[in-house]
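*Asks:*
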Amino acid sequence: MSPNRSETLSWHGGSDGHLRLIDQTKLPVNLVTIDCRDVETIWEAIKMLRVRGAPAIGIAAAYGVCIGLQKPVDSVAALRQQLSDVTDYLATSRPTAVNLFWALDRMKRRAGTLPAASSVQQFRDALLAEAEQIHAEDRHVCHAIGHHGAQLLQPGTGVLTHCNAGGLATSEYGTALSVFFTAQDQGKPLHVWVDETRPLLQGARLTAWELMQRGIEATLICDNMAAQVMREGKIQAVITGADRVAANGDAANKIGTYSVAVLAKAHRIPFYIAAPISTFDLSIDSGDAIPIEQRDSREITHGFGRQTAPDGAVVYNPAFDVTPAELIEAIITERGVVRPVNRDTIANMIGNDEHVMR
Ligand code: MRU
């Protein structure tokens, strides 16, 4: 079951249909949806974090491709050109979460397998089926991550999470939050400490909201309080999501995750990443090569409608950081737990998966 009354994303209609998204920028005060009927609206929704979180971005992009193929054409050759144009365009929306590129790549590959004699309608239908498949697979993947992750936690554990890796960031159940939801379903109570996650407050606005909807005990803290709470002995594990995991296990996630991992190490607390196989990028040797999104300085100086820094203040606003593999106790995937985290254990877990970026 979804932690939200509305689905994070839903497709309405056939190949001429549209995508409905929860506008996450309006949460937690307003739960409103937007209907996306053109590719520009989807691009803007991804860019502005109306839809966000690595898996959800990938699913939105896959449906975005279907919308991009709706323009009238008189041949499959013209449709293939549209496919190339729309995938190139959507790929420019955000750089760090590999699920975006993974999903676009999957849509192109599906198109590549279609018989040359396919009609325009068959082509559109096949690509919509692929987007729906990506969406449906994510549901199973998130539940499997929850199942594997819940086995790592004892009843009564205090767990810290950063950003939002919940139902809002995926099809419905989340990655890191799926572990908490599953533990609760198994009758294993946890206490979740929620980093507010400056500057865009995904922890405060989205994670706290999701946990409260599910009746999970949660306490919100400012990001700079985590060390103190660890020192007080209230946190026994940290679990976050990821946006891209390199071949050696270095993992990019929301800015501030790396600091949490360093703090966890200093307090001898295990730091786990929960991420689907679609978040691994074997084409990238180490975290040094993961592209880090830089965002508008106004997110820091004028967040949520109020100026909080002097005019002209120089700002640096990287949206993600990279946690080195040696700080990660294990990566929880839908196929099981990767531990220790290194090139070999990752390669073994992924095997010859045809869809993984490599
Ligand atoms: O900028 P955002 O809100 O898209 O960042 C999201 C995160 O960093 C999540 O932790 C990550 O995408 C994993 S979501 C299952």
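Heads up, the sequence shown is in my numbering, so the first residue is 1425 and it goes up one at a time. For each residue, glycine too, the CB sits at the ideal point set by N, CA and C. All figures in this text were calculated on a predicted structure; none of them were measured in a lab.
#1: Are there three or more Cβ pairs, one per stretch, closer than 8 Å when the segment 1522-1539 is compared with the segment 1483-1491?
#2: Does ligand 1 have a heavy atom nearer than 7 Å to the CB of Asn1588?
#3: Excluding sequence positions up to five away, which residues of its chain have a Cβ less than 7 Å from the Cβ of Gly1582?
#4: Answer yes or no: do Leu1624 and Ala1632 have a C-beta to C-beta separation smaller than 8 Å?
#5: Below 8 Å between beta carbons: does that hold for Thr1520 and Ala1676?
#6: To the nearest whole angstrom, what separates the beta carbons of Ile1693 and Pro1742, a pair I think is in contact under 8 Å?
#7: Confirm, please, whether the CB-CB distance from Gln1608 to Ile1558 is below 8 Å.
#8: By the 10 Å Cβ neighbour count, where 16 or more other Cβ atoms means buried, how is Val1463 classified, buried or exposed?
#9: Quick one: using the 10 Å Cβ neighbour count with 16 as the cut-off for buried, is Ala1502 buried or exposed?
#10: Between Leu1473 and ligand 1, is the CB less than 7 Å from at least one heavy atom?
#11: If we count Cβ pairs, one from each stretch, closer than 8 Å, do we get three or more for the segment 1715-1727 versus the segment 1551-1570?
#12: For Val1739, count the other beta carbons within 10 Å of its own beta carbon; 16 or more makes it buried, fewer makes it exposed. Which is it?
#13: Which residue's Cα is closest to the Cα of Ala1535: Ala1555, Val1686, Val1522 and Asn1523?
#14: Hey, quick one: how far does the beta strand (DSSP E) through Val1544 stretch, first residue to last?
#15: Do Ala1589 and Thr1664 have their beta-carbon atoms positioned less than 8 Å apart in this structure?
#16: Ordered along the chain, which non-local residues of its own chain (more than five positions away) have a Cβ less than 7 Å from that of Leu1687?
#17: Quick check on Met1425: buried or exposed, where buried means 16 or more other Cβ atoms within 10 Å of its Cβ?
#18: Beta carbon of Asn1741: closer than 7 Å to some heavy atom of ligand 1?
#19: Considering only C-alpha positions, which residue in the set Thr1757, Gly1711 and Ala1698 is nearest to Ala1670?
#20: By the DSSP assignment, the alpha helix (DSSP H) with Asn1772 in it spans what residues?
#21: So, using beta-carbon positions, are Gly1591 and Leu1584 closer together than 8 Å?
#22: Ends of the alpha helix (DSSP H) at Ala1484?
#23: Counting only runs that start and end within the segment 1618-1650, where is the beta strand (DSSP E) found for 3 or more residues in a row?
#24: Any idea which residues DSSP pairs Gly1760 with across the strands?
#25: Restricting to Cα atoms, I'd like to know which of Gln1448, Val1453, Val1684 and Leu1473 is closest to Arg1799.
#26: Would you say the beta carbon of Asp1667 is closer than 7 Å to some non-hydrogen atom of ligand 1?
#27: Rounding to the nearest angstrom, what Cα-Cα distance links Ala1574 and Gly1477 in this structure?
#28: Give the straight-line distance between the Cα atoms of Leu1514 and Gly1488, rounded to the nearest whole angstrom.
#29: Taking 7 Å as the line, does the beta carbon of Arg1476 fall inside it for any heavy atom of ligand 1?
#30: Quick one: is the Cβ of Gly1598 within less than 7 Å of any heavy atom of ligand 1?
#31: Following a CB-centred definition, is Lys1678 positioned closer than 7 Å to any heavy atom of ligand 1?
#32: Rounded to whole angstroms, what's the CA-CA distance from Val1684 to Ala1749? Just pull it up for me.
#33: Which of the three DSSP states, helix, strand or coil, is assigned to Ala1791?
#34: Considering Cα atoms alone, identify which of Ile1446, Leu1493 and Asn1454 is closest to Ile1470.
#35: Could you pull out every unbroken alpha helix (DSSP H) segment of at least 4 residues lying fully inside the segment 1431-1465, listed in chain order?
#36: Give me the Cβ distance between Ile1770 and Gly1673, rounded to the nearest whole Å; I'm assuming they're in contact under 8 Å.
*Replies:* Reading it off the structure:
#1: These segments touch.
#2: Between ligand 1 and Asn1588, a heavy atom-to-CB distance of less than 7 Å is present.
#3: Only His1615, Trp1617, Lys1658, Ile1659 and Gln1660 meet the Cβ criterion.
#4: No, these two residues do not count as a Cβ contact at 8 Å.
#5: Contact flag set, yes.
#6: Contact between Ile1693 and Pro1742 does not hold, since their C-beta atoms are separated by about 25 Å, which reaches or exceeds 8 Å.
#7: No, Cβ-Cβ distance for Ile1558 and Gln1608 is not below 8 Å.
#8: Val1463 comes out buried.
#9: Exposed, since its Cβ has fewer than 16 Cβ neighbours within 10 Å.
#10: Because some heavy atom of ligand 1 lies under 7 Å away, the Cβ of Leu1473 counts as near it: yes.
#11: Contact between the segment 1715-1727 and the segment 1551-1570 is absent, because fewer than three Cβ pairs lie under 8 Å.
#12: So Val1739 ends up on the exposed side.
#13: For the set Ala1555, Val1686, Val1522 and Asn1523, the Cα lying nearest the Cα of Ala1535 is the one of Ala1555.
#14: Here Val1544 belongs to no beta strand (DSSP E); instead the alpha helix (DSSP H) covers Val1544 to Ala1574.
#15: Closer than 8 Å, so yes.
#16: Here Leu1687 has Ala1650, Ala1651 and Met1654 as same chain residues with Cβ atoms under 7 Å from its own Cβ, once five neighbours each way along the sequence are excluded.
#17: Caution is warranted here: a pLDDT of 37 is assigned to Met1425, below 50, making its placement in the model unreliable, and the coordinate value is therefore given only provisionally. Exposed is the call here.
#18: Because no heavy atom of ligand 1 lies under 7 Å away, the Cβ of Asn1741 does not count as near it: no.
#19: With distances taken between Cα atoms, Ala1670 lies closest to Gly1711.
#20: Per DSSP, the unbroken alpha helix (DSSP H) holding Asn1772 starts and ends at Arg1767 to Ile1774.
#21: With respect to Leu1584, Gly1591 sits apart: the two C-beta atoms are not nearer than 8 Å.
#22: Counting along the chain, the alpha helix (DSSP H) containing Ala1484 begins and ends at Ala1478 to Gly1492.
#23: Correct list: 1642-1645.
#24: Looking at the DSSP output, Gly1760 shares a beta bridge with Thr1757.
#25: A question about residue 1799 goes unanswered here, because the residues of the chain that appear run from 1425 up to 1782.
#26: Yes, since a heavy atom of ligand 1 falls inside the 7 Å radius drawn around the Cβ of Asp1667.
#27: As the crow flies, the alpha-carbon of Ala1574 is around 21 Å from that of Gly1477.
#28: Rounded to the nearest angstrom, the two C-alpha atoms are 8 Å apart.
#29: The answer is yes for Arg1476.
#30: Gly1598: yes, Cβ under 7 Å from ligand 1.
#31: Distance from the C-beta of Lys1678 to the nearest heavy atom of ligand 1 is below 7 Å.
#32: If I take the Cα positions, the gap works out to 14 Å.
#33: As shown, the chain starts at 1425 and ends at 1782. That puts residue 1791 outside it, with no answer to give.
#34: It is Ile1446 whose Cα lies nearest to the Cα of Ile1470.
#35: The segment 1431-1465 contains no whole alpha helix (DSSP H) run of 4 or more residues.
#36: The beta-carbon distance between Ile1770 and Gly1673, rounded to whole angstroms, is 6 Å. This is short enough to meet the 8 Å contact definition.
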